[in-house]
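Q: Before I ask anything, let me first share the structure, which is written out below as structure tokens.
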Amino acid sequence: MWHFLSDRISILKIATWNINGIKARLNEVLYWLEEYKPDLVALQEIKSIDENFPREAIEELGYNVATHGQKSFNGVALLSLHPFDEVNRGLPGDDSDEQARFIETVISRPGGAVRVAGIYLPNGNPVDTEKFPYKLAWMDRLIDWAEDRLKLEEPFIILGDYNIIPTGADTHSAEAWWGDALFRPESLERFRSLSNLGFTDGLRAVNGDEAYTFWDFQAGAWRRNNGIRIDHLMLSPQAADILETVEIHKDMRAREKPSDHVPVVGSFAI
1 MWHFLSDRIS ILKIATWNIN GIKARLNEVL YWLEEYKPDL VALQEIKSID ENFPREAIEE
61 LGYNVATHGQ KSFNGVALLS LHPFDEVNRG LPGDDSDEQA RFIETVISRP GGAVRVAGIY
121 LPNGNPVDTE KFPYKLAWMD RLIDWAEDRL KLEEPFIILG DYNIIPTGAD THSAEAWWGD
181 ALFRPESLER FRSLSNLGFT DGLRAVNGDE AYTFWDFQAG AWRRNNGIRI DHLMLSPQAA
241 DILETVEIHK DMRAREKPSD HVPVVGSFAI
């Protein structure tokens with residue numbers, strides 16, 4: 001829904017959430033949608049083929065649903081209170097890539113439109129396997145695609161689970177994570193390349209404090225607050241200009257059947 005501030009300005013809430021399985025987390029998703037009513041949500045790791053995604057339960061809350069699914073692994077979805085002007089599935093640049101990690105849409109707003117891409121960037125571990133080169137190649141494709149999209153000069157948001165820890169300040173222990181595929185020179189170099197195209201890290205533009213988005217299910221990570229920040233909203237200059245706030249819904253990690261990630265919500269003044 002549009003959250004109106006005046007006759008001319010409204011707030012559009014755009015969120016990302018790695019739910020770690022829609023079947024296991026459907027009740028959590030429905031609760032959160034009803035409680036917070038975001039305008040558009042990019043979900044990652046739905047772990048469902050398109051036909052099995054529980055769209056009816058979500059549509060009953062007023063959301064349009066678009067999915068790019070895959071059996072048992074990966075999978076991304078978009079939920080929107082507004083009609084999709086277009087939906088594109090799969091990151092361009094490699095026709096042989098069968099992993100479901102990318103979905104893009106455009107939703108109209110008064111006077112223009114907002115382009116949103118939901119991504120589930122590869123983890124890349126273990127780094128001594130083919131998984132790490134795949135991560136780096138996927139990031140190279142993302143950079144090429146994003147550079148082309150920036151030419152449209154429109155509010156444009158790439159959000160999702162990046163599986164990238166941008167800096168040591170985004171982890172409870174930089175020393176413990178250094179060398180992991182999420183936090184090593186090759187990965188960070190590409191993340192900086194994306195930023196250098198002109199993208200702004202939405203959360204860091206408004207919040208310099210400790211801000212984690214993921215706590216592992218193991219080793220008491222949640223209880224110890226041993227978290228990392230890997231879920232990001234990267235904003236084109238036009239999107240950064242209308243950013244109001246970014247919130248991390250940490251309370252969702254304390255629920256009965258939580259994902260190991262929590263929602264991150266950006267508010268944009270239209």
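In full-length UniProt numbering, the protein residues as written are 1 to 270. We put the CB at the ideal spot given by N, CA and C, even for glycine. For clarity, every value in this text was computed on a predicted model and none was experimentally measured.
(1) The beta strand (DSSP E) spanning Q218 covers which residue range?
(2) Pull up the CB-CB distance for R115 and E154, whole angstroms please, since I reckon it's below 8 angstroms.
(3) So what does G266 bridge to, in DSSP terms?
(4) For E159, which of helix, strand or coil comes out of DSSP?
(5) Give the DSSP-derived three-state secondary structure of S259 in the structure shown.
(6) Start and end of the alpha helix (DSSP H) containing Q238?
(7) Give the secondary structure of A77 by DSSP, where H, G and I count as helix, E and B as strand, and everything else as coil.
(8) W17 and L33 - do their beta-carbons sit closer together than 7 angstroms?
(9) Note down the Cα distance separating residue 275 from R89, rounded to an integer number of angstroms.
(10) Within 10 angstroms of its Cβ, does A239 collect 16 or more other Cβ (buried), or is it exposed?
(11) If you compare alpha carbons, which of P83, E45, Q99, W145 is closest to A113?
(12) Does the separation of the CB atoms of P54 and L81 fall below 7 angstroms?
(13) By Cβ distance below 6 angstroms, which residues in the same chain neighbour L61 in space, the five residues on each side in sequence not counted?
(14) Is there contact here, the region 36-50 with the region 58-72, by at least three beta-carbon pairs under 8 angstroms?
(15) Could you tell me the distance, in whole angstroms, from the CA atom of L194 to the CA atom of R149?
(16) DSSP state of N226, grouped into three classes?
(17) Considering G118, what are the terminal residues of the beta strand (DSSP E) in which it resides?
(18) Between A100 and F132, which are expected to be in contact by the criterion C-beta below 8 angstroms, what is the C-beta distance as a whole number of angstroms?
(19) Out of L91, P110, D95, point me to the one whose CA is closest to F102's CA.
(20) Would you decide whether T171 is buried or exposed? Buried here means 16 or more other CB atoms lie within 10 Å of its CB.
(21) Classify P263 as buried or exposed, calling it buried when 16 or more other Cβ atoms lie within 10 Å of its own Cβ.
(22) Check I22 in the structure and name its three-state DSSP category.
(23) Would you identify the three-state DSSP class for P72, choosing helix, strand or coil?
(24) Return the chain-ordered ranges of every beta strand (DSSP E) run that is complete within the region 136-212 and spans a minimum of 3 residues.
A: Walking through what the data contain:
(1) Neither: Q218 is in no beta strand (DSSP E) and is coded neither H nor E.
(2) 6 angstroms
(3) I14, V246
(4) Checking the displayed sequence, the identity of residue 159 turns out to be Leu instead of Glu. Looking at L159 - three-state DSSP - the assignment turns out to be strand.
(5) coil
(6) 237-241
(7) strand
(8) no
(9) In this structure the chain extends from 1 to 270, so residue 275 is not present and cannot be described.
(10) buried
(11) P83
(12) no
(13) L33
(14) yes
(15) 12 angstroms
(16) coil
(17) 112-120
(18) With 8 angstroms as the limit, A100 and F132 do not qualify as a contact, their Cβ atoms being about 20 angstroms apart.
(19) L91
(20) buried
(21) buried
(22) helix
(23) The residue asked about is misnamed: residue 72 is Ser in this sequence, not Pro. Coil, per DSSP.
(24) 156-161
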